[in-house]
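Chemist: I am attaching a structure below and will ask some questions about it afterwards.
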Ligand SMILES: [Zn+2]
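Put into structure tokens, the structure is as follows:
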């Protein structure tokens, strides 16, 4: 049976247990934050069991956080750049009343965390990581009134349950409360919704614990109206010229459309590919190879007879694409040339000298380069030794005579315009798709050639990837940079 002394001691112990200082969030009510983003700050408040005057003493041994106003009721925790390991950072509080009647200690832990956005393996639209440059936020593109995904990755010892997603402009993009995955571990896929805007950018901020909590990460969201256009493709052969036969007359344009749109969707764009063929055929048979060299010969700056032969048979509305086995520019002779000549005269229309420099098509005939002159039995290789207007000086005398229906053949891989001309040549199917996508990029999406070898719009076919980016890319043939997502007119 307990005596009176032990009874009083017990009551006192209960009283003392209740009479403790506690640590709360800044509002004095919510639980204190258990995590703080690296580089950010949060606050905690000491709550006393009853009103009294005294000394607050907040402290921490951690080198990952620093405390401000450590002798005040409310302390500010400033997180450094280094994230926590498992246990987190301990924060101690001691309160002593001025009259000495009360002293209490408490401690809590807080984890310094980092939140990063990562590109989804298969994003619905685009995700530009901006080369992960310091201070640059990732950009996500979304079609208006549609949604996209980004991975959220948390390190430092917290899970997704502590995060809140807020938007700067809910008329452009936002995250709905119900978009949070049911189980948010440290790595989860987050839905972001594009709203009803034709072109807009806003920021989705990831915060901790509260909608006005510290910012852990920012995602820039670009919402665009879809850019869609129909193109009609013809695979053209000339059955009277065997060399015009295509290696892949059954090249799959459905598959091409799907793969190309996988590239364009980064910019919220697409093309619809229609095909025109002869009845019960994969190709169109058009009598176009009039000089019998097995190639379609286009003429710089004007419409050649061979080109006219094709567009008189294949001329649907809208953007057209013609795939042929071989493709050239032909620079026609202005005057017939004879064996032994050491210079040849091309049509004057190819030359346009202004301010002392060639700005016409002659500029593509590079001094030192070799080209084929003529077709058939009289064809021969010439080397450009110099140029003067439309006159080409040769490195040696001609072996054959050449008429004005002949000229210098300049091999083309593809040519933009309408139609877009695509040479099949020895290209793989993937290269043919890339050529179609690149040339439609010029004519439908208004993109320029850029220098980046990972871009679909890299100026040569030596590209290593097919990216279309928000990040500015230096243009190849013009001054300045191009933001491919924003360039598209919607
Ligand atoms: Zn180009």
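In our numbering, the protein residues as written are 176 to 665.
Built from N, CA and C at the ideal position, the CB exists for glycine as well.
Values in this document were obtained by computation on a predicted structure and should not be read as measured data.
(1) Is any non-hydrogen atom of ligand 1 found closer than 8 Å to the C-beta of residue 614, if you look at the structure I gave you?
(2) Evaluate residue 394 with the Cβ neighbour count: other Cβ atoms within 10 Å of its Cβ, from every protein chain shown; 16 or more gives buried, anything less gives exposed.
(3) How long is the line joining the alpha carbons of residue 565 and residue 592, rounded to whole angstroms?
(4) What span of residues does the beta strand (DSSP E) with residue 358 cover, start to end?
(5) Between which two residues does the alpha helix (DSSP H) carrying residue 607 extend?
(6) Within 8 Å: the Cβ of residue 305 and any heavy atom of ligand 1?
(7) Tell me which same chain residues have a C-beta within less than 6 Å of the C-beta of residue 434, skipping the five on either side of it?
(8) Compute the minimum distance between the beta carbon of residue 634 and the heavy atoms of ligand 1, and state whether it is under 8 Å.
(9) Between the Cα of residue 211 and the Cα atoms of 231, 339 and 308, which residue gives the shortest distance?
(10) Touching or not, the stretch 315–322 and the stretch 459–466, by the rule of three or more beta carbon pairs under 8 Å?
(11) Taking the alpha-carbon of residue 130 as reference, which of 313, 285, 585 and 611 has the nearest alpha-carbon?
(12) Taking the C-alpha atoms as reference points, what is the distance between residue 362 and residue 325?
(13) Less than 7 Å between C-beta atoms, sequence neighbours within five positions excluded: which residues of the same chain meet that for residue 619?
(14) Give the single residue among 295, 286, 311 and 262 whose Cα lies nearest to the Cα of residue 646.
(15) Hey, which unbroken runs of the beta strand (DSSP E) at 3 residues or more fall wholly within the stretch 312–387?
(16) Are residue 283 and residue 269 touching if we call contact CB-CB under 9 Å?
(17) With a threshold of 6 Å on Cβ separation, who are the neighbours of residue 245 within its own chain once the five nearest residues in sequence on each side are excluded?
(18) Check the C-beta distance from residue 498 over to residue 366 and give it rounded, since I have them as a contact under 8 Å.
(19) Consider the C-beta atom of residue 591 and the heavy atoms of ligand 1; say whether any pair is separated by less than 8 Å.
(20) Taking 9 Å as the threshold (C-beta atoms), are residue 622 and residue 597 in contact?
(21) Can you tell which of 199, 254, 544 and 411 has the C-alpha that lies nearest to the C-alpha of residue 426?
(22) In the DSSP assignment, find the unbroken alpha helix (DSSP H) run with residue 430 in it and report its ends.
(23) What residue range is occupied by the uninterrupted beta strand (DSSP E) comprising residue 247?
(24) For residue 644, which residues of its own chain have a beta-carbon under 6 Å away from its beta-carbon, when the five flanking residues on both sides are left out?
(25) Quick test of your reading: residue 473 and residue 504, contact by CB under 8 Å. State the CB separation rounded to the nearest angstrom.
(26) Report yes if the CB atom of residue 342 is closer than 9 Å to the CB atom of residue 291, and no otherwise.
(27) From the DSSP output, in three-state form, read off residue 551 for me.
(28) Does DSSP classify residue 667 as helix, strand or coil?
(29) Give the list of continuous alpha helix (DSSP H) stretches no shorter than 4 residues that lie fully inside the stretch 389–468.
(30) Excluding the 5 residues preceding and the 5 following residue 422 in the sequence, name in chain order all residues of the same chain whose CB lies nearer than 7 Å to its CB.
(31) According to DSSP, simplified to helix, strand and coil, what is residue 623?
(32) If distances are taken between C-alpha atoms only, which option among 327, 295 and 275 comes closest to residue 288?
(33) Between the C-alpha atoms of residue 436 and residue 481, what's the straight-line distance to the nearest angstrom?
(34) Classify residue 303 as helix, strand or coil using the three-state DSSP reduction.
(35) Just the C-alpha distance for residue 449 and residue 469, rounded to the nearest angstrom, thanks.
Modeler: Walking through what the data contain:
(1) yes
(2) buried
(3) 25 Å
(4) No residue range can be given for residue 358, since it is assigned to no beta strand (DSSP E) and is classified by DSSP as neither H nor E.
(5) 604–618
(6) no
(7) Only 608 meet the Cβ criterion.
(8) yes
(9) 339
(10) No, because fewer than three Cβ pairs between the stretch 315–322 and the stretch 459–466 fall closer than 8 Å, the two stretches do not touch.
(11) Missing from the structure shown is residue 130; the chain here goes from 176 to 665 and no further.
(12) 10 Å
(13) 404, 446 and 494
(14) 311
(15) 313–318, 322–330, 338–342, 362–369 and 374–383
(16) no
(17) So the list reads 233, once near-sequence residues are dropped.
(18) In this structure residue 498 is not in contact with residue 366, their Cβ atoms being roughly 40 Å apart against a cut-off of 8 Å.
(19) yes
(20) no
(21) Per the Cα distances, 411.
(22) 428–439
(23) Where residue 247 is concerned, there is no enclosing beta strand (DSSP E), given that its DSSP letter is neither H nor E.
(24) 303 and 659
(25) 6 Å
(26) Not a contact, by the Cβ cut-off of 9 Å.
(27) helix
(28) Outside the shown range of the chain (176 to 665) lies residue 667, about which nothing can therefore be said.
(29) 428–439
(30) For residue 422, same chain residues with a beta-carbon under 7 Å away, outside a window of 5 residues either side, are 599 in chain order.
(31) coil
(32) Selection 327, 295 and 275 evaluated against residue 288 yields 327 as nearest (Cα-Cα).
(33) 32 Å
(34) It is a strand residue.
(35) Rounded to the nearest angstrom, the two C-alpha atoms are 26 Å apart.
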